[in-house]
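**Q** So that we are looking at the same thing, I have put the structure below in structure tokens.
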Amino acid sequence: MIVLTLSLITLLNLFLQSSILPYLSIFGVVPNTALLIIISIGLYKGRIYGGIMGLIIGIIQDILFSPVLGINSFIYFFIGYVVGLTQNKLSKDNILIPILFSILGTVFYNFAYYVFMFFLSHDIPFLYFLKDVLTIEIIYNIVLCIPIYKIFSKIFVVPKIRFGNR
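The sequence shown begins at 187 in the numbering used here and counts up one residue at a time.
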């Protein structure tokens, strides 16, 4: 059941990122919903699911959107695995946790992607990247991480049944 759910989430995200989100860009920057989904899966399901989903979503994005194969899959795998390490250590009820991870994940993803592209001789102007792309994407991801995290809380949290007057 979990594999089917994660597969449907991956396909829905692929559809959104390739068809709808480019029309919602701000100054040419679109939100990274794949990163937010990987962070949510890592927080709720742990390092194994976070890493595997990061790897799968990253491979799909590399094949479809990236000029170089393997960069997104490596970065997403690393983020999903590291976020998944905190699965039982942080409260899932605190909304600041996904906001913090979305900020850190966006910064890490963009800097790692920039470094990989720099060493692969793909020239990206650093000031443009830092000023325009990173700041807008951080704001965009913060706004979107809350509803995505709430959706995942409905999908992955099993309600507890209590009897009595507590």
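Note that beta-carbon positions come from the ideal geometry of N, C-alpha and C, so glycine has one too.
Since the structure is predicted, the reported quantities are computational estimates derived from the model, not experimental observations.
According to DSSP, what are the bridge partners of V215?
**A** I212
**Q** Helix, strand or coil: which one does DSSP assign to P311?
**A** coil
**Q** Among residues of its own chain, excluding the 5 on either side of H308, which ones have a beta-carbon nearer than 8 Å to its beta-carbon?
**A** P253 and V254
**Q** Do E323 and T292 come within 9 Å of each other at the CB atom, strictly closer than that value?
**A** yes
**Q** Should F263 be labelled buried (16 or more other beta-carbon atoms within 10 Å of its own) or exposed?
**A** buried
**Q** Hey, I281 and Y326: beta-carbon distance below 9 Å or not?
**A** no
**Q** Where does the unbroken alpha helix (DSSP H) through D318 begin, and where does it stop?
**A** Premise fails: D318 is in no alpha helix (DSSP H) and is neither H nor E.
**Q** Sorted by chain position, which residues of the same chain lie with C-beta nearer than 8 Å to L192's C-beta, five sequence neighbours on each side aside?
**A** I227, Y235 and M239
**Q** Per DSSP, what kind of secondary structure is D279 in: helix, strand or coil?
**A** Note: D279 maps to coil in three-state DSSP.
**Q** In chain order, what residues of the same chain lie with their CB nearer than 8 Å to the CB of Y276, ignoring the 5 residues before and after it?
**A** Contrary to the premise, residue 276 reads as Leu rather than Tyr in this sequence. So the list reads L229 and I283, once near-sequence residues are dropped.
**Q** Drop a sphere of 10 angstroms on the beta-carbon of L221, count the other beta-carbons inside from all chains shown, and report buried for 16 or more, exposed for fewer.
**A** buried
**Q** Can you grab the Cα-Cα spacing for the pair L190 / L207, in whole Å?
**A** Their backbone Cα atoms lie some 24 Å apart in a straight line.
**Q** So, using beta-carbon positions, are K231 and I188 closer together than 9 Å?
**A** yes
**Q** In the DSSP assignment, find the unbroken alpha helix (DSSP H) run with S204 in it and report its ends.
**A** It is not in any alpha helix (DSSP H) - S204 carries neither H nor E in the DSSP assignment.
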